[in-house]
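Position one of the sequence shown corresponds to residue 94 (this note's numbering), numbered consecutively onward. Structure first, then comments.
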Amino acid sequence: SGGACVATSLAIIPSEPPMICAFAGTQGTHDAGIFLPHTQCYDRIRERWWDPFGPLPYGLDHGSLAPIPPGTCSPDDPAKLLIFNFRTRPYGDCHPEILAYDLPGEGWTIKELERLDGLKQLGERTPEKSEWYVYHNFTDLTSPENEPRDASGVVMANGGRTVLNFGGTTHRIKHGKRR
Numbered sequence: 094s095g096g097a098c099v100a101t102s103l104a105i106i107p108s109e110p111p112m113i114c115a116f117a118g119t120q121g122t123h124d125a126g127i128f129l130p131h132t133q134c135y136d137r138i139r140e141r142w143w144d145p146f147g148p149l150p151y152g153l154d155h156g157s158l159a160p161i162p163p164g165t166c167s168p169d170d171p172a173k174l175l176i177f178n179f180r181t182r183p184y185g186d187c188h189p190e191i192l193a194y195d196l197p198g199e200g201w202t203i204k205e206l207e208r209l210d211g212l213k214q215l216g217e218r219t220p221e222k223s224e225w226y227v228y229h230n231f232t233d234l235t236s237p238e239n240e241p242r243d244a245s246g247v248v249m250a251n252g253g254r255t256v257l258n259f260g261g262t263t264h265r266i267k268h269g270k271r272r
């Protein structure tokens, strides 16, 4: 992952301390950098990086991440990670999509993380084969209060049922001018 990535701590192996996970980001400057699709988690016990999530479907930066507990929307729903309020090109529009990843119910084991790393080395884990999917695509682009904004802050409420987004920026062009 690169600068302006999305990062959080996650219990990748449930019986161990959380790992610090980074998602996407920019390699280089904001105006000419390469937007990366990479995800990775740092294992402080083994002092190495793992890649449990595989690549995102495309490179992005300045996103927000919300971990959603299992059963939040429906009793059978798995825990999810949602990434939203991101952009995919320098000073580009903020995307209205919400990307999601369904977390395994029991987390991962070292053996599973090693297997996934092996698939990555064989070229079997690519953005074209991403396990991430579009969870939802409903944001109000006509309302300044509700339109997505990159580089914003997020807090969770109501057990994961409410995601509060605050701050951020937008580089959309309105009436021929950037705002």
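C-beta atoms are modelled at their ideal positions from N, C-alpha and C, and glycine is treated no differently.
Where residue i falls, given that 16 or more other Cβ within 10 Å makes a residue buried
i	result
Thr255	exposed
Gly252	exposed
Ile105	buried
Pro110	exposed
His123	exposed
Cys134	buried
Ile176	buried
Val99	buried
Leu257	exposed
Ser167	exposed
Lys173	buried
His229	exposed
Glu207	exposed
Gly164	exposed
Leu158	buried
Glu190	buried
Limits of the unbroken alpha helix (DSSP H) element including residue i
i	result
Leu206	Ile203 to Gln214
Nearest-angstrom beta carbon gap, residue j and residue i [assumed within contact, 8 Å]
i	j	result
Leu192	Val247	So it is not a contact: roughly 14 Å between Cβ atoms.
Thr101	Pro160	7 Å
Asp195	Phe179	Not a contact, Cβ separation roughly 19 Å.
Phe335	Thr181	It is not possible to answer for residue 335, since the shown part of the chain is limited to 94 through 272.
Glu199	Pro107	7 Å
Extent of the continuous beta strand (DSSP E) run through residue i
i	result
Pro160	Ser157 to Ile161
Lys173	Lys173 to Phe177
His188	No beta strand (DSSP E) holds His188; DSSP gives it neither H nor E.
Phe116	Met112 to Phe116
Ala100	Val99 to Leu103
His229	Tyr226 to His229
Tyr135	Thr132 to Asp136
Arg141	Arg141 to Trp143
Pair within 8 Å by beta-carbon distance, residue i and residue j
i	j	result
Pro130	Gly152	yes
Gly121	Ala97	no
Asp186	Trp143	no
Residue-level contact to chain B via CB, residue i, 8 Å cutoff
i	result
Asn251	Among the protein chains of the structure shown there is no chain B, as only one such chain exists.
Contact test: residue i Cβ vs the ligand NAP heavy atom, cutoff 7 Å
i	result
Pro220	Looking at this structure, you won't find the ligand NAP or any other ligand, since it has none at all.
Counting pairs of beta carbons, one from the region 130 to 148 and one from the region 213 to 221, are three or more of them closer than 8 Å? yes
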